[in-house]
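Working notes, beginning with the structure itself.
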Amino acid sequence: TKSLRETLQDVIPAKQEQLKKLKAEHGQTVVGDVKVENIIGGMRGLKAMLWEASVLDPLEGIRFHRLSIPDCQKVLPSAPGGTEIIPESMLWLLLTGQVPTPEQTRQLSQELAEKGELPVFVEKLIDSLPKTLHPMTQLGMGVAALNHDSSFQAAYEKGMKKQEYWTHTLEDCIHLIARLPALASRIYRNVYKPDAQLAPIDKNLDLVGNYANLLGYGDNHSLTEYLRLYIALHGDHEGGNASAHTAHLVGSTLSDPYLSYSAALFALAGPLHGLANQEVLRWQLAMQTEIGDNITHENIKDYLWKTLKSGQVVPGYGHGVLRNPDPRFIALQEFCQSRPELRESPIIKLVNKTFEVAPGVLKEHGKTKNPYPNVDATSGCVLYHYGLTEFKYYTVIFGVSRALGALTQLVWARALGLPLERPKSLSMDALEKLIKNP
Ligand code: AMX
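24 is the number of the first residue of the sequence shown in full-length UniProt numbering; add one for each residue after it.
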């Protein structure tokens, strides 16, 4: 059985060769136009970034190295006693393009558990923060502080060769992922359960097994399985989304993985991105309060229009790239349908009923290019059902997850020697001049 590092050593040379060939043979090949609407429209649709681990198709959704979500659910190993994909198997797939064996997955789980403790100074830093500070701010601060032990930064100071960049990047990425459960659960404990004792990391458990334990939900097998699936599925969504792109941009300056991912977390903290799952729950609960027990299509429709007419977006609907229901949403809904207690849950029922009505209303409203749900339309509501009701915390769980993809890309960016990112910007005057004189 090969280790993760040996597997990467095997696959990197072919990728380096592929890039060299692309550069040499197609450096000047044109693959798209830049329109003024791209420049003023948040670069939507512009093909301008290399990202190895996943590609997002507008209709079909995400594929991780060619595997769709249902493919992954068939082939990626789960935890002992579980049935859902676990983040370790997704991380292995993202990093290497290969499906790990159960044994390889266990080895990775073990390594992560062994590296999972936080340095004492980071514990003290987090404990010193006011509990009123948003959990995402705390997470970003904690991740940035972990760069104290960055292997990449230490080796860079000593003058490492470019060929060694990726190995040190990988060590940092593995350490960071390993420490996220301890960091994220410490924030949860401090903010919401100040009297609770944090469990020690169990060296025999997988990453999410430990995370659930640390959060105080270790005995809830169903929630633990949901978190495994949730964190595996949110791991990567190609490169252009704000959090992934931020990690890539900051990493391109050769900032270490801790600083790069810390920056990504602050992009994730925005309401149009990762904060949406907290917004969805707030919105669905407000809907429930307003319409009471009389949950009919008509009442939901009225509530949707009320939201839209007040100038707000319908949270959990629409997407920058997707033009169909998000297959991650579908996968989480299937998880709910497979469990009787979730099928009967009032909040999950409300999410389902909203899904039956919202696309029609959004089409009639006529603004969004995608009237269908994204993953956030359900993800937080399931947590709420399980009793994890502190919705300001939800984006932290997303933040634990997105590390898988964003950090994978940092390894690839250093292995491929990708350069500093530096697009050209223009003022409106300069743009007008260019339009007159292309
Ligand atoms: N409800 C109401 N209006 C919406 C809408 C929604 N759910 N989604 C998009 N629109 C509006 C936009 O605000 C925009 O209006 P404007 O022309 O007045 O500015 C118009 O439709 C066109 O937008 P778009 O091209 O369809 O979407 P986009 O690429 O600009 O934005 C997104 C994508 C996700 C930010 C947007 O759909 C949105 O705000 N959705 C609600 C928030 C949400 O669910 N975010 C989570 C995204 C997934 C994630 O990152 N976790």
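Beta carbons: idealized from backbone N, C-alpha and C, even for Gly. Remember, predicted model here, so these are calculated numbers, not experimental data.
Leaving out the 5 sequence neighbours to the left and right, which residues in its chain are closer than 6 Å to residue i when beta-carbon positions are compared?
i      : result
Val398 : Asp349, Arg351 and Phe352
Pro100 : Ser112, Pro125 and Thr128
Ser132 : Glu111 and Asp229
His388 : Leu331
Asn322 : Ile314
His296 : Ala265
Pro123 : Ser112 and Trp115
As a quick exercise: from the options, pick the residue whose alpha carbon is nearest that of residue i.
i          : options                           : result
Leu433     : Ser283, Tyr407 and Lys447         : Ser283
Ala299     : Pro123, Gln176, Phe414 and Thr431 : Phe414
Met310     : Val53, Asp80 and Tyr326           : Tyr326
Thr377     : Pro461, Thr431 and Pro396         : Pro396
Val423     : Glu313, Gly163 and Ser278         : Gly163
residue 22 : Arg445, Pro461, Tyr188 and Leu439 : Residue 22 cannot be examined here, being either before or after the span of the chain that is shown, 24 to 461.
Gly64      : Ser368, Glu364, Gly343 and Glu444 : Gly343
Lys386     : Tyr340, Tyr407 and Glu364         : Tyr340
Thr106     : Ala290, Val384, Ile371 and Arg251 : Arg251
Gln335     : Leu117, Thr431, Trp306 and Thr412 : Trp306
Pro446     : Ile85, Gln161, Gln51 and Ala71    : Ala71
Thr160     : Phe289, Thr312, Thr412 and Leu135 : Phe289
Glu364     : Val54, Gly410 and Lys392          : Gly410
Asp279     : Gly262, Gly239 and Ile197         : Ile197
Ala136     : Leu117, Gly239 and Asn227         : Asn227
Phe421     : Lys46, Glu48, Val231 and Ala219   : Val231
His191     : Leu277, Thr412 and Ser151         : Leu277
Ile85      : Leu304, Gly263 and Ala400         : Gly263
Lys138     : His88, Lys97 and Ile224           : Ile224
Under 7 Å: does the beta carbon of residue i sit that close to some heavy atom of ligand 2?
i      : result
Arg129 : No copy of ligand 2 appears in this structure; the ligands present are ligand 1.
Excluding five sequence neighbours on each side, which residues of the same chain lie with their C-beta closer than 8 Å to the C-beta of residue i?
i      : result
Asn61  : Arg67, Gly68 and Leu69
Val34  : Thr119, Gly120 and Gln121
Ile458 : Val59
Gln130 : Thr24, Ser26 and Leu27
Ala235 : Gly241, Asn243, Leu246, Thr247 and Leu250
Excluding the 5 residues preceding and the 5 following residue i in the sequence, name in chain order all residues of the same chain whose CB lies nearer than 7 Å to its CB.
i      : result
Leu237 : Pro204, Ala205, Ser208, Leu221 and Ala222
Ala429 : Ser266, Ala267, Ala270, Tyr284 and Ala287
Ser402 : Tyr253, Asn300 and Leu355
Tyr281 : Val166, Ala167, Leu169, Asn170, Ser173, Asp195 and Leu199
Thr30  : Thr119 and Gln121
Glu302 : Pro294 and Pro338
Leu441 : Leu73 and Ser275
Lys390 : none
Ala219 : Arg212 and Gly239
Val384 : Lys324, Leu327 and Trp328
Cα separation between residue i and residue j?
i      : j      : result
Tyr215 : Pro103 : 30 Å
Leu272 : Lys25  : 32 Å
Lys147 : Val419 : 19 Å
Glu248 : Val405 : 12 Å
Leu331 : Val337 : 7 Å
Asp56  : Arg437 : 28 Å
Ser275 : Met183 : 17 Å
Pro217 : Ala292 : 23 Å
Phe358 : Gly315 : 26 Å
Glu368 : Asn317 : Reading off the sequence shown, one finds Ser at residue 368, where the question assumed Glu. Ser368 and Asn317: Cα-Cα distance of roughly 15 Å.
Lys43  : Lys329 : 54 Å
Val59  : Ser450 : 12 Å
Trp435 : Trp189 : 7 Å
Thr319 : Gln32  : 57 Å
Pro81  : Arg346 : 5 Å
Glu180 : Leu443 : 19 Å
Lys185 : Gln360 : 50 Å
Lys372 : Ile108 : 25 Å
Gly50  : Arg202 : 40 Å
Pro461 : Ser448 : 15 Å
Val53  : Tyr407 : 48 Å
Lys392 : Pro382 : 11 Å
Pro36  : Leu193 : 16 Å
Phe175 : Leu308 : 45 Å
Ile370 : Glu48  : 54 Å
Report back the beta-carbon spacing between residue i and residue j to the nearest angstrom; my notes put them in contact at under 8 Å.
i      : j      : result
Ala426 : Ile200 : 5 Å
Lys324 : Val380 : 5 Å
Arg366 : Ser245 : Not confirmed; about 12 Å, so no contact.
Ala178 : Glu187 : 7 Å
Pro158 : Tyr416 : 5 Å
Thr431 : Leu117 : 4 Å
*asked:* Taking 8 Å as the cut-off, does the region 64-78 touch the region 257-274 (at least 3 CB pairs, one atom from each stretch)?
replied: yes
*Specify whether the region 454-461 and the region 89-108 touch according to this definition: at least 3 beta carbon pairs, one from each stretch, less than 8 Å apart.*
no
*Using 8 Å as the Cβ pair cut-off and three pairs as the minimum, do the region 132-144 and the region 164-172 touch?*
yes
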